[in-house]
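Here's the structure, in structure tokens; my notes come after.
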Amino acid sequence: MVSGANRKKDTSNHMSDSETGGRAKKASPEAAKAGERPDWATGLKKLYDSVVDEPLPDAFQELLAKLDDDEA
Amino acid sequence: MSPGQKSKVRRTAEERRAFKRELIEVVPHLRAFARGLCGRPDMADDLVQEALLKAWAAQDRFEPGTSMRAWTFVILRNAYLTDMRRNRFRGEYDETVAERILTAPAGQEEPIHLSDLHRALLTLPPERREALLLVGAGGFSYEEAAEICGCAVGTIKSRVGRARAALTSMIEGGEVPDRSIDDPSAHRAILEELDEIAAGNGETEHIR
Chain F
1 MVSGANRKKD
11 TSNHMSDSET
21 GGRAKKASPE
31 AAKAGERPDW
41 ATGLKKLYDS
51 VVDEPLPDAF
61 QELLAKLDDD
71 EA
Chain P
1001 MSPGQKSKVR
1011 RTAEERRAFK
1021 RELIEVVPHL
1031 RAFARGLCGR
1041 PDMADDLVQE
1051 ALLKAWAAQD
1061 RFEPGTSMRA
1071 WTFVILRNAY
1081 LTDMRRNRFR
1091 GEYDETVAER
1101 ILTAPAGQEE
1111 PIHLSDLHRA
1121 LLTLPPERRE
1131 ALLLVGAGGF
1141 SYEEAAEICG
1151 CAVGTIKSRV
1161 GRARAALTSM
1171 IEGGEVPDRS
1181 IDDPSAHRAI
1191 LEELDEIAAG
1201 NGETEHIR
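This is the structure we're talking about:
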């Protein structure tokens, strides 16, 4: 897919935005730990990307091809 | 993204081709979002097909140059909420399919099982789940997510924060329910949120 590189770049920018989330940084060790990106956050991204990277099922190709025939 | 904002302009053939090209490009993202929303891959794909047909039918309302992904996510989301209200998704979760699809490729060491994560995700109230999916997985900014969900940026931040806290405590505390639907408290939470949504809160403009 042509848009692949753009999408990845786009996504990573947004991710860093959302991770900092405007939260003020605190010095205490506990706060530092809480501010760390939890393991599951990477997993969540991975879940999403794993579906994005799946080949499109035939049903979608068929549906997209059909859209042209419906031209009014 | 409001309906009457732009008068309906009949697109040129070139614009329609561009629309279709962009629409095709976002299909994988729609599938990923839908999978996260409703859990069952087959139902998620049905939902995406429904959203694609609606997007195609409503293409004159798409403003070229704006985000196709955000625009189609709104359509997908509305289709999902409508189907939820008709009880099409009863929080069903196909364990074996999920295991097959969600486990990491062999050889990759995972700190947590993705299937556990997905199950935990499905116990979240729908509004928090979608907020987390948009921001934490889809890479949307809080502002974009707020636009998609038709709510204030602060609301999205709060939903994402609550979703993150819930997942962290479930996963770090090892309290991921075996099956989301068997967890009465999670199920109740989902039903309560649904009542909210059914009452008209939380749904953005319908694109028919």
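Protein sequences appear in the order of chains F and P. For the first sequence, the working numbering begins at 1 and goes up steadily by one. For the second sequence, the working numbering begins at 1001 and goes up steadily by one. A virtual CB, placed ideally from N, CA and C, is assigned to each residue, including glycine.
What number of angstroms, rounded off, separates the C-alpha of R1085/P from the C-alpha of R1119/P? Spanning the two alpha carbons is a distance of roughly 21 Å.
What residues of chain P sit near A59/F, judged by a beta carbon separation below 8 Å? D1045 and Q1049
For the candidate residues L1121/P, F1062/P and S1141/P, whose alpha-carbon lies nearest to that of V1176/P? L1121/P
What residues in the segment 1016-1029 of chain P bring their beta carbon closer than 7 Å to a beta carbon of chain F? K1020, I1024, E1025, V1027, P1028 and H1029
When the distance is taken between beta carbons, is A1079/P closer than 7 Å to E1050/P? yes
At a CB-CB cut-off below 8 Å, which residues of chain F make contact with L1220/P? Given a span of 1001 to 1208 for chain P in the structure shown, any question on residue 1220/P remains unanswerable.
A1120/P - containing alpha helix (DSSP H), residue span: Following the DSSP letters along the chain, one finds A1120/P inside the alpha helix (DSSP H) bounded by residues L1114 to T1123.
Report the residue from S1115/P, L1114/P, R1164/P and H1113/P whose alpha carbon sits nearest the alpha carbon of E1130/P. Looking at the Cα atoms, R1164/P is the closest of the given residues.
What separation, rounded to the nearest whole angstrom, lies between the Cα atoms of L1076/P and G1174/P? 32 Å
Less than 7 Å between CB atoms is the rule here; does K45/F satisfy it with respect to chain P? yes
Closer than 8 Å by beta-carbon distance: list the chain F residues that pair up with I1171/P, in chain order. The answer, in chain order, is P38, D39 and W40.
C-beta atoms of W40/F and L1117/P nearer than 7 Å: yes
What are the start and end residues of each continuous beta strand (DSSP E) run of 3 or more residues lying completely inside the segment 1134-1172 of chain P, in chain order? Fully contained in the segment 1134-1172 of chain P is no beta strand (DSSP E) run of length 3 or more.
I'd like the span of the alpha helix (DSSP H) that includes V1176/P, first residue to last. That residue, V1176/P, is in no alpha helix (DSSP H); it is neither H nor E in DSSP.
Compare the C-beta of R1129/P against all C-beta atoms of chain F and say whether one is closer than 7 Å. R1129/P does not count as touching chain F.
I believe P1064/P touches E1015/P by the beta-carbon criterion, under 8 Å. Please report the beta-carbon distance rounded to the nearest angstrom. The C-beta separation of P1064/P from E1015/P comes to about 6 Å, placing the pair in contact by the 8 Å criterion.
Taking contact to mean at least 3 C-beta pairs separated by less than 8 Å, is the segment 1130-1140 of chain P in contact with the segment 1152-1161 of chain P? yes
Where D53/F falls: helix, strand or coil (DSSP): coil
Looking at chain F, which residues of the segment 1051-1069 of chain P have a Cβ within less than 8 Å of any of its Cβ atoms? L1052, L1053 and W1056
Determine the direct distance from the alpha carbon of I1171/P to that of Y48/F, and round the result to whole angstroms. 18 Å
Should T1155/P be flagged as near chain F, meaning a C-beta pair shorter than 7 Å? no
Over what stretch of residues does the alpha helix (DSSP H) that includes D1083/P continue unbroken? M1068 to R1085
Integer-rounded CB distance, given that V1048/P should sit under 8 Å from I1148/P: No, I1148/P and V1048/P are not in contact; Cβ-Cβ is about 16 Å, not under 8 Å.
For chain P, is any of its Cβ atoms less than 7 Å away from the one on L63/F? yes
How long is the line joining the alpha carbons of A1146/P and E1127/P, rounded to whole angstroms? 11 Å
Helix, strand or coil for P1126/P, going by three-state DSSP, please let me know. helix
Can you list the residues of chain F that R1011/P reaches, using a CB-CB cut of under 8 Å? Neighbours of R1011/P on chain F: none; closest Cβ ~11 Å, over 8 Å.
Expected contact under 8 Å - CB spacing of V1027/P and L56/F to nearest Å: 6 Å
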